[in-house]
Amino acid sequence: MSTLVAVNGHASPKAPVRSDLKAFYEEHGYVIVPDALTHAEVEELREETTRLCRGELGEIKGVFPAEPGESDDDVLRQYLCIHFPHKLSPVMKHYLAQATMVDVLTQIIGPNVKCMQSMLFIKAAGKPGQAWHQDEYFIPTRDRSLTGGWIAMDDATVENGCLWVIPGSHKHGILWPQRQHEDRRFDCAGEAIYFPYTDDDAIPVEVPAGAIVFFNGYLLHRSLPNRAKAGYRRVLVNHYMSAESLLPWRVPGEGAHMAIADYRDVELIAGRDPYSWKGLTDLAKPFVRPSGEGGCSKDGKK
Ligand SMILES: O=C(O)CCC(=O)C(=O)O
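For the sequence shown, the numbering used here begins at 1 and goes up steadily by one.
Structure, rendered in structure tokens:
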């Protein structure tokens, strides 16, 4: 059984031993696997992050190719988060199906697992976090199997804007409404409201670089701004689901029939794809998420 330890005054469950992973995840809605990546693997991801932000791997909407003399720090500080980095980077694509990732996902989702999204957070000192939300609000699976795999590329701490979660909040199986907010601590993404918890129910998920945090698509989570004086809180977070479920998300065309709508720009990372007969489509293009530093527009897109 897992024990409770204090993290900055908050009760935070310790990483469970491997055989407890699934039970812990089902109870709390998240689980931490420390040391999932080696130092060399973390370094590889950091270097690839810099290459992506310098525009060296190809076009990303919102990224301006770096000038030859521009320092890596000056480049990295410009971007909060890049969506779909795996579409340009073979390295990021490789980590969608990293060994520990696949091992844990097949325990908590099932034998057949697909990935539909990656997001690369750079989050330099001073950059905002993301308000309370549930990932299934944005990415609807039909069987509630959505799972985030959050790979820490730096030690994530309360000071530099680690993830915060409300343990057990996934169990309601309810998608809470969202509204636009004007809270400058957070980026332009919406904020969940009307859920039966307060900030006091949340715990910080402080993890060392190389850890992976797995979390359920119905779990309420957020991150606060990076309040460190310097440095980054870099994370590659990928989203996964069972390959048995259709994915009515980003489906092109007016009047798509939602009962059979199925986004097919996915990567199978374990097992088999029961819908392989449909083939795959290359739809997603990498883009920079609005940080909200200059304010957000009404549609949340700045
Ligand atoms: O890491 C963060 O700052 C936010 C990540 C997040 O909310 C998510 O992956 O859904």
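Idealized CB from N, CA, C, for every residue including glycine.
8 Å Cβ shell around residue i - same chain, five flanking residues per side excluded
i      : result
Asn8   : With a pLDDT of only 36 at Asn8, under the threshold of 50, the placement of this residue in the model should not be trusted; the figure read from the coordinates follows. Excluding residues within five positions, the ones whose Cβ falls inside 8 Å are Val158, Pro204, Glu206.
Pro177 : Ala192, Ile193, Tyr194
Lys302 : Caution applies to Lys302, whose pLDDT of 37 falls short of 50 and renders its modelled position unreliable; the value that the coordinates give is listed next. Counting only Cβ-Cβ distances below 8 Å, and skipping sequence neighbours, we find Cys188, Pro290, Ser291, Gly292, Gly294, Gly295, Cys296.
Ile109 : Ser145, Thr147, Tyr240, Met241, Ser242
Arg322 : With the chain represented from 1 up to 302, any question about residue 322 goes unanswered, as that position is not in the structure.
Segment limits, beta strand (DSSP E) that includes residue i
i      : result
Tyr30  : 30-33
Leu80  : That residue, Leu80, is in no beta strand (DSSP E); it is neither H nor E in DSSP.
Leu268 : 267-270
Val213 : 212-216
Counterpart residues of residue i in DSSP-defined beta bridges
i      : result
Tyr240 : Cys115, Thr147
Pro204 : Trp164
Lys61  : Phe287
His221 : His133, Val165
Tyr232 : Ala124
Ala156 : Val207
Gln178 : Ala192
Residue range of the unbroken alpha helix (DSSP H) whose run includes residue i
i      : result
Ala99  : 99-108
Cys188 : Unbroken run through Cys188: none, as it is neither H nor E.
Ala40  : 39-53
Val91  : 90-96
Same chain, Cβ closer than 7 Å to residue i, five either side skipped, listed in chain order
i      : result
Val102 : Ile269, Ala270
Ala230 : Ala125
Lys93  : His86
When the options are compared against residue i, the one with the closest alpha-carbon
i      : options                        : result
Ala222 : Ser71, Gln134, Pro90, Ser89    : Rather than Ala, the amino acid found at residue 222 in this sequence is Arg. Checked all of Ser71, Gln134, Pro90, Ser89; the closest Cα to Arg222 is Gln134.
Asp282 : Pro274, Asp273, Arg264, Arg272 : Arg264
Lys114 : Trp164, Ile60, Lys123, Ala97   : Ala97
Gln180 : Gln130, Leu76, Ile60           : Gln130
Glu27  : Pro167, Asp154, Leu37          : Pro167
Cys162 : Val91, Asp183, Arg234, Asn112  : Arg234
Gly190 : Arg272, Glu136, Asn160         : Glu136
Ile260 : Ile174, Lys278, Asp74, Val266  : Lys278
Leu76  : Pro65, Leu175, Glu267          : Pro65
Asn160 : Pro252, Met258, Asp200, Ala209 : Ala209
Ala284 : Gly173, Ile82, Gly29           : Ile82
Pro111 : Asp262, Asp273, Val251         : Asp273
Own chain residues within Cβ distance below 6 Å of residue i, not counting five before or after
i      : result
Val31  : Leu21, Phe24, Tyr25, Phe214
Asp151 : First, the residue type needs correcting, since residue 151 is Ile and not Asp in the sequence shown. So the qualifying residues of the chain are Ile212, Leu236.
Asn238 : Leu96, Cys115, Ser118, Gly149
Asn226 : Lys123, Ala125, Lys127, Asn160, Gly161, Arg233
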